[in-house]
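>
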Amino acid sequence: MDKLILDLMKDGKDINEILNMPFHFMLELLAERNKPKETKSLIAAFGG
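So in this note's numbering, spot 5 of the sequence shown is number 5, and the numbers just go up one at a time.
Listed below in structure tokens is the structure:
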């Protein structure tokens, strides 16, 4: 979560705006950033 906040600050967001964001919204942003890549098959997921 710290990296997300630091990245938002680098993108120009004010720290007060970040701290005023709802916690659920921050968790959704974090989940979207860490979403695994979708693969077509189980074999492709393991590099086969």
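Even glycine gets a Cβ: it sits at the ideal position worked out from N, Cα and C.
1. Residues in its own chain within less than 8 Å of A31 by CB, not counting five upstream and five downstream?
2. Determine the direct distance from the alpha carbon of D7 to that of L27, and round the result to whole angstroms.
3. Please report the straight-line C-alpha distance between F46 and L4, rounded to a whole angstrom.
4. Quick one: give me the first and last residue of the alpha helix (DSSP H) that N16 is part of.
5. Tell me which same chain residues have a C-beta within less than 7 Å of the C-beta of I15, skipping the five on either side of it?
Concretely, from the data shown:
1. The sequence position of residue 31 within the sequence shown is 31, counting from 1. Within the same chain, and ignoring the five residues on either side of A31 in sequence, no residue has its Cβ closer than 8 Å to its Cβ.
2. The sequence position of residue 27 within the sequence shown is 27, counting from 1. The sequence position of residue 7 within the sequence shown is 7, counting from 1. One C-alpha to the other measures close to 14 Å.
3. Stepping through the sequence shown from its first residue, residue 46 is reached at position 46. Stepping through the sequence shown from its first residue, residue 4 is reached at position 4. Linking F46 to L4 through their CA atoms gives a straight-line distance of about 28 Å.
4. Counting from 1 along the sequence shown, the entry for residue 16 is found at position 16. Annotation for N16: the continuous alpha helix (DSSP H) segment containing it runs 15-20.
5. Position 15 of the sequence shown, counted from the first residue, corresponds to residue 15. Taken in chain order, the residues that qualify are M9.
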